[in-house]
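One structure is given here, and the rest of the page talks about it.
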Amino acid sequence: SNSIVWFRRDLRAFDHAALHHALRDAVQNGGEVYCVFVFDTDILAGLPRNDRRVRFIHACLAELDAELRRLGGGLIVRHGAARDSLPRLAAELGAGTVYVNGDYEPDAIARDAAVASALALEGRRLLVFKDGVVFEKNEVLTLSKGLYSVFTPYKNAWLKRLASQPEAVAPWMIEPYAAALAPLLEASLPTLPELGFDDGPLPAPAGMSGATQLFEAFLPRLADYGTARDFPGLSATSQLSIHLRFGTTSVRHLVRTLQQMMALGAGGAGAPVWLSELIWREFYAMILFQHPHIAGRSFKPAFDAVEWEAGDTARELFAAWCEGRTGYPLVDAAMAQLNTTGFMHNRLRMVTASFLVKDLGIDWRWGERYFARQLNDYDMASNVGGWQWAASTGCDAQPWFRIFNPVTQSQKFDARGVFIRQYLPQLATLDARDIHAPWLVPADELEACGIVLRKDYPWPVVDHGEARQKTLERFAVVKAAR
Ligand code: FAD
Numbered sequence: 004s005n006s007i008v009w010f011r012r013d014l015r016a017f018d019h020a021a022l023h024h025a026l027r028d029a030v031q032n033g034g035e036v037y038c039v040f041v042f043d044t045d046i047l048a049g050l051p052r053n054d055r056r057v058r059f060i061h062a063c064l065a066e067l068d069a070e071l072r073r074l075g076g077g078l079i080v081r082h083g084a085a086r087d088s089l090p091r092l093a094a095e096l097g098a099g100t101v102y103v104n105g106d107y108e109p110d111a112i113a114r115d116a117a118v119a120s121a122l123a124l125e126g127r128r129l130l131v132f133k134d135g136v137v138f139e140k141n142e143v144l145t146l147s148k149g150l151y152s153v154f155t156p157y158k159n160a161w162l163k164r165l166a167s168q169p170e171a172v173a174p175w176m177i178e179p180y181a182a183a184l185a186p187l188l189e190a191s192l193p194t195l196p197e198l199g200f201d202d203g204p205l206p207a208p209a210g211m212s213g214a215t216q217l218f219e220a221f222l223p224r225l226a227d228y229g230t231a232r233d234f235p236g237l238s239a240t241s242q243l244s245i246h247l248r249f250g251t252t253s254v255r256h257l258v259r260t261l262q263q264m265m266a267l268g269a270g271g272a273g274a275p276v277w278l279s280e281l282i283w284r285e286f287y288a289m290i291l292f293q294h295p296h297i298a299g300r301s302f303k304p305a306f307d308a309v310e311w312e313a314g315d316t317a318r319e320l321f322a323a324w325c326e327g328r329t330g331y332p333l334v335d336a337a338m339a340q341l342n343t344t345g346f347m348h349n350r351l352r353m354v355t356a357s358f359l360v361k362d363l364g365i366d367w368r369w370g371e372r373y374f375a376r377q378l379n380d381y382d383m384a385s386n387v388g389g390w391q392w393a394a395s396t397g398c399d400a401q402p403w404f405r406i407f408n409p410v411t412q413s414q415k416f417d418a419r420g421v422f423i424r425q426y427l428p429q430l431a432t433l434d435a436r437d438i439h440a441p442w443l444v445p446a447d448e449l450e451a452c453g454i455v456l457r458k459d460y461p462w463p464v465v466d467h468g469e470a471r472q473k474t475l476e477r478f479a480v481v482k483a484a485r
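Residue numbers for the sequence shown follow full-length UniProt numbering, so the first one is 4 and each next one is one higher.
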């Protein structure tokens, strides 16, 4: 019979596990393969009309459809709840099997289970493949077959496993089996307004071509990645997170490219550091899959006892953080970057998350939800992982008594204020010494720079020294629980 490949966070037509298996099975057993994407109303319902990610996905789908057509097929696009659309479409197309690449988020797992049972009622099945990561679930285990909860030993075991199983990054070929793609006559991609969303600029170059463009631009910078990656004023990182999120690139392809470079002695000291970041992504995906409670609760239960600020003051402080008006320039510039572009540099995610939790005393889950709404690359596993790291509630997290100082972080990682000036032009006239803490600058000096504090830029919403003390007290319950 025919089959369906249901695309979700794997918007590409090369090195694609589900597509490969569907096509290969069809070549062997007969039947045609239909490629399908569903704009899932269960997900879209919660998003604003100007959501950047929906525009990005839309552009990726246009390219995916074109590429599938070049291969002889095309993309069927539907708008509805996936749990209804998929079973209906399978019946319409006479598809006995729906092939998908696995997703490790709790909601996606529940959705897939619902789709699988609806399909099963009619004698059809959902087949799930590993695609978005090199190693998943329980593929990387300790010697005693336990799960890792600390990154470095996990990474060493991950690397060891890859060395003994190099085929884990072999590409899933598409072209040799493309004849099994069902040819489509009409394009079915609705316009953004038809989907209830606005047209607008893309947050990043989209599609497989966008990912290729970013990766090629990054490779010459790879050698410096290890030393430059922490400085938001430099463009030292790959910006590939949105592409890894939506699967317009293949992580196997990225790892293979790194391996080839390293074998040739290229990529310098940066290559293993960048590979480590890709492994962090898999570590967090594994952690979320194995411990789904971390989506809403601390990884370490003792930390559930921490009491966060509540009430109007907390809500006001939270609003100031969201809107970048805390009075701490690096934090505010970072939030401005997030709010205007949907991206935030990794160092700044750490700084702003730490500031929310340890300077404002606010529940990390508020911040996690805010990032989820704003980040183009939002990925529950990495976001929850990053937030729980910063809040000290996670696995392998920053210890709770280590508290970033937002001023020294600024002096260290944006020493000349290049990043701050880019996002806070009202502070651009301050020199490199003053820009990190404008409230310490004498009024006449500020005046000479044309800045009036509280009018042009806020006074700090909290005093870091006092906030630090409060945080140590707040987290003392954890110490007491031991
Ligand atoms: P590069 O430095 O070029 O790294 C390459 C890739 O490795 C990234 O694209 C990403 O896929 C992966 N990666 C890098 N750092 C990490 C990390 N610390 N954890 C997991 N994967 C990593 N990343 C997301 O993709 N989605 C999120 O929702 C997300 N939320 C975060 C929240 C917090 C509080 C923190 C501290 C980090 C978060 N990260 C998240 C991780 C990281 O900040 C971003 O992946 C990175 O900034 C993306 O930029 P890049 O593609 O240029 O990264």
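From the three backbone atoms N, C-alpha and C, an ideal C-beta is built for every residue, glycine too. Computed from a predicted model, the values in this text were never measured in an experiment.
Query, Result
"Check whether Ile245 and Val387 have beta carbons under 8 angstroms apart", "no"
"7 angstroms CB neighbourhood of Pro109 in its chain, flanking five on each side removed", "Pro295, Ala298"
"DSSP state of Phe42 mapped onto helix, strand, coil", "strand"
"C-beta contact flag for Met353 and Ala393 at 8 angstroms", "yes"
"Cβ shell of Ser238 (< 8 angstroms), same chain only, five flanking positions each side left out", "Arg224"
"Inter-residue spacing [alpha-carbon to alpha-carbon] between Glu326 and Ala181", "49 angstroms"
"Assigned exposure category for Lys361 - 16 Cβ within 10 Å defines buried", "buried"
"Residue burial classification, Val118 (beta-carbon count within 10 angstroms, cutoff 16)", "buried"
"Member of Arg27, Tyr287, Asp87 whose CA lies at the smallest distance from the CA of Phe42", "Asp87"
"CA nearest to the CA of Gln412, picked from Ala121, Tyr331, Glu448, Gln168", "Tyr331"
"Unbroken beta strand (DSSP E) run spanning Asn141, endpoints", "Segment: none, Asn141 is in no beta strand (DSSP E) and carries neither H nor E."
"Inter-residue spacing [alpha-carbon to alpha-carbon] between Trp442 and Leu14", "48 angstroms"
"Closer than 7 angstroms: Phe55 CB and nearest ligand 1 heavy atom", "At residue 55 the sequence reads Arg, which differs from the Phe that was named. Arg55: no, Cβ never under 7 angstroms from ligand 1."
"Distance between Glu450 and Phe59 (C-alpha atoms, nearest Å)", "44 angstroms"
"Spatial distance of Ala116 from Lys140 (CA atoms)", "17 angstroms"
"Proximity test, Asp417 beta-carbon vs ligand 1 heavy atom, cut-off 7 angstroms", "no"
"Tyr426, DSSP secondary structure in three states", "helix"
"contact_flag[the segment 249-264, the segment 361-377] where n(CB pairs < 8 angstroms) is 3 or more", "no"
"Distance cut-off 7 angstroms: Glu280 Cβ against heavy atoms of ligand 1", "yes"
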